[in-house]
Structures are given as C-alpha cells and as structure tokens.
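Data first, discussion second: the structure below is written as structure tokens.
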C-alpha cells in the first residue's frame, strides 16, 4: 500500500520561477516530514524537514508548508536555479524509519 | 569526514548468481537501512538495523534476500539466487535515529 503520494511526477520551471511539489499521506501516526534531493549517480540527501507542530519552515529558497488536517505537505523552491535540477522525494517518518514518495524530476530551464 | 561507503558501485551478473552488496555506515550511527530504488517503485525500505540487530525486515522481497550486520561498521545485503527483476540501485543509509538519513552513493545491480 502506498502511504505517501507525491505529485507531479515531473516538473519544468523557468529560471527564477517557483517550483512546487506536493505530497499527501494517509496515516496520522507520522511525526517527521522531510524532503530529500537526489542528483544523478548520487544518493538522496536531506534538503529540509518539518515536524507537525509547525505549519511552515523556511531555509533559504526552500520552504515546507504543512497542513496537518488535510494530511498534506509541500515543497516550494523560490527563485529556482538550473542547479536545482534534480529529483525530489518527500518522506514520512515514524518509529525511526522513513517511507518515501515516488519522486519528482525537476528541470529548471534557462 | 567519510560518509556512508558502499561497494561495489556497479555489479553486472547473470541470473542465478549470488550477489553481495556491502556497506560501511558513518561511525557513531546506530541505525542502518537498506533501500532499493527502481523507476517503477521508487525508494523502498528493505530492512533496517538498530545497534546491529534487525528491527524490521518486512520490506525484504522474498527469501532470496538476506541482510546481516556483524558489527557496527559493516553490513551486507545478499541476493541468492539473483533474478533480472532484482536489477535496481541499492542504497545503504545510516543515522543517529533523529530522523535524518545519510545515504551512500548506491550500488547499481544489473542481472542479465
């Protein structure tokens, strides 16, 4: 069963634009909601994460918005740059393990 | 500091052969995870260990897969016998149990 649904599968954004990736989860038992970034040939790396006691967290150009009642969270990348082109995974955490979404391939064009 | 180290980076083998993937976690981390990544299924958790003890192996596909962690600095994932559908990138990750996972660069397995 898929516990976390991620969309879109792929995304093309112009340089300077805003990239938005969404995730929805089914079980309210989770208490940790990270986003990971993966470049080709590399392992995923933590980008930003949020706990359910806050609705938003911002780190530089990256923001997580969290809606506990709707069981949804999203990643916003402001002023998107070509160097942001990568695959992004949301994840849900509980009990020391992470369950990942299916990933979004982001391409930022000049 | 050295990150998570995986070997081999690439493995090509024939159906029916035994495959062993290796992982050295970050020193001091007490959790170790094995994930499999494919285009169709994304990142799937296969098994994870805490203090060298397997905690959850519910993601291991079938009895052909086995994982061990004989000490805090080494783990193996073994597939015997291998099948073409096992072709994927296998990632090892480690953590302190605070949530953040540190991934290795993966082992790309191709079973012909």
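Protein chains in written order, with my numbering: chain A, 1 to 110; chain S, 111 to 222. All residues carry an ideal CB built from backbone N, CA and C; glycine is no exception.
At a cut-off of 8 Å, the C-beta of residue 98 of chain A has a neighbouring C-beta in chain S. Per the Cβ contact rule, the region 142-155 of chain S is in contact with the region 95-102 of chain A (3 or more Cβ pairs under 8 Å). Non-local beta-carbon contacts of residue 66 of chain A in its own chain, meaning distances under 6 Å to residues more than five positions away in sequence, involve 50, 55, 73 in chain order. Residue 191 of chain S is a Cβ neighbour of residue 127 of chain S, given a cutoff of 8 Å.
Restricting attention to A/109, A/110, A/91, the CA atom closest to the CA of residue 47 of chain A is found in A/91. A distance below 8 Å separates the beta carbons of residue 71 of chain A and residue 24 of chain A. In this structure, the straight-line span from the alpha carbon of residue 121 of chain S to that of residue 173 of chain S is close to 21 Å.
Proximity of residue 121 of chain S to chain A, defined by a Cβ-Cβ separation below 8 Å, is not satisfied.
Among the bridge pairs identified by DSSP, residue 164 of chain S is matched with S/159. Residue range 175-181 is occupied by the beta strand (DSSP E) that includes residue 178 of chain S. Looking at the DSSP output, residue 94 of chain A sits in a beta bridge with A/97. Going by DSSP, residue 25 of chain A is part of the beta strand (DSSP E) stretching over 19-25. Spanning the alpha carbons of residue 102 of chain A and residue 178 of chain S requires a straight line of approximately 27 Å.
Close to residue 32 of chain A, with beta-carbon spacing below 7 Å, are these residues of chain S in chain order: 209.
Rounded to the nearest whole angstrom, the CA to CA distance from residue 148 of chain S to residue 129 of chain S is 18 Å.
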